[in-house]
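For this note's numbering, count along the sequence shown from 1 and bump the result up by 3.
Read the structure below first, then the notes.
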Amino acid sequence: MALPSLRTSASGTSAAGQTRDRRTPARRLADRRLFFAETFRTFRTTGAVTPSGRRLAEALATPLAQPAGRPRAILEVGAGTGAVSRILAGLLGPEDTLDLVESNPRFARVLEADLHSDPRLARHGKRIGLIAKPVQELDPGARYDVIVSGLPFANFHPGEVSDLLTRYLAVLNPGGQLTYFGYRGTARFRALVGSSRSLARHGGVAHVLDSFQQAHATGCRTVWANVPPARVWSLSAGHDDDRLEAAIPPPRSPGHDF
Ligand SMILES: C[S@@+](CC[C@H](N)C(=O)[O-])C[C@H]1O[C@@H](n2cnc3c(N)ncnc32)[C@H](O)[C@@H]1O
Numbered sequence: 004m005a006l007p008s009l010r011t012s013a014s015g016t017s018a019a020g021q022t023r024d025r026r027t028p029a030r031r032l033a034d035r036r037l038f039f040a041e042t043f044r045t046f047r048t049t050g051a052v053t054p055s056g057r058r059l060a061e062a063l064a065t066p067l068a069q070p071a072g073r074p075r076a077i078l079e080v081g082a083g084t085g086a087v088s089r090i091l092a093g094l095l096g097p098e099d100t101l102d103l104v105e106s107n108p109r110f111a112r113v114l115e116a117d118l119h120s121d122p123r124l125a126r127h128g129k130r131i132g133l134i135a136k137p138v139q140e141l142d143p144g145a146r147y148d149v150i151v152s153g154l155p156f157a158n159f160h161p162g163e164v165s166d167l168l169t170r171y172l173a174v175l176n177p178g179g180q181l182t183y184f185g186y187r188g189t190a191r192f193r194a195l196v197g198s199s200r201s202l203a204r205h206g207g208v209a210h211v212l213d214s215f216q217q218a219h220a221t222g223c224r225t226v227w228a229n230v231p232p233a234r235v236w237s238l239s240a241g242h243d244d245d246r247l248e249a250a251i252p253p254p255r256s257p258g259h260d261f
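See the structure below:
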């Protein structure tokens, strides 16, 4: 199964009208430094040493690539410093809305400022909003057409991941899509340096993700042009049982990548 990609032309403009990252080198450096600092301060929830690269962000934004012909409600969970948010903003239709959820107050401060100062976000005005709290505190009555999750599932407990995915699928409108990613090579890395407890937890998370993928996956693709390379999954609340059974292998032993 492959997610369609957003093609980028030599001029730097993709088929969807997205342009290359226009932040200054100083701003890019500041984002990387903040991420790096948060990796040490809040490793469990940050789960990355650097913001997602453009190719990964574009793969996560694939559900927005085709105009829907009607207003869409989009949710990004774990927006960080806005690497994916800026790509999503570039794909918004004139009546689409985008809610950015971020629980880390230091990342949320950066996003809040960018909502006013970054033209790619600011031009949408109040149609892009920031919810600076954990996604678990999101209004349970909210409904979305697309959810893009940047949460580091590999650092969470299996029950937590199961609760989050259940909740995502519950708040998706019929036909809605969820995308999320996991870094490749984490299982091998953990096998080398992890404690038996951490390996068991990681195996539990892999099993939960496998179960959701088997029931709901509509696409999967590896983005090699990211540091580190990442696998992007696309899930939908509805699914085609026969196609999925043919396409997705049964759960493997604990210790594999997501
Ligand atoms: C791997 S980073 C991804 C950041 C950004 N989306 C990117 O791709 O560069 C994970 C982000 O999820 C946020 N996060 C972790 N747990 C969260 C939660 N329960 N609710 C909302 N955000 C959360 C972290 O603070 C962090 O910004």
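Heads up, the beta-carbon is just placed ideally off N, CA and C, and yes, glycines get one too.
Rounded distance between the beta-carbons of residue j and residue i, thought under 8 Å
i	j	result
A345	A86	Any question about residue 345 goes unanswered here, given that the chain covers just 4 to 261.
V138	R75	Their Cβ separation, rounded to whole angstroms, is 19 Å, which puts V138 and R75 out of contact at 8 Å.
A240	P177	7 Å
A111	L133	6 Å
R193	H160	That belief does not hold up - the Cβ atoms of R193 and H160 are roughly 15 Å apart, past 8 Å.
Sub-9 Å separation of residue i and residue j beta-carbons
i	j	result
L238	L202	no
V230	T53	yes
V151	P66	yes
T189	A145	no
L114	Y147	no
A173	I131	no
V235	T225	yes
R109	E41	yes
G185	L212	yes
A68	L32	no
R57	I90	yes
S120	L101	no
C223	Q216	yes
G50	L118	no
R25	R123	yes
Residue i, enclosing alpha helix (DSSP H) - first and last residue
i	result
V264	The structure shown has nothing for residue 264, since the chain only spans 4 to 261.
G93	A86 to G93
G207	S199 to H219
R36	P28 to R44
D148	Unbroken run through D148 is the beta strand (DSSP E), Y147 to S152; no alpha helix (DSSP H).
P1	The structure shown does not extend to residue 1, since the chain spans only 4 to 261, so no value can be given for it.
A157	Looking at the DSSP string, A157 is not in any alpha helix (DSSP H), and its letter there is neither H nor E.
E61	R57 to L63
Residues bridged to residue i [DSSP beta-bridge criterion]
i	result
D102	L78 and G132
T225	R234
T182	V151 and S237
Enclosing beta strand (DSSP E) for residue i [first to last residue]
i	result
V235	A233 to S239
Touching or not, the region 188-202 and the region 169-176, by the rule of three or more beta carbon pairs under 8 Å? no
Does the region 70-81 come into contact with the region 92-112, if we say contact requires no fewer than three beta-carbon pairs (one atom in each stretch) closer than 8 Å? yes
With contact counted as at least three CB pairs below 8 Å, one residue from each stretch, are the region 58-77 and the region 43-50 in contact? no
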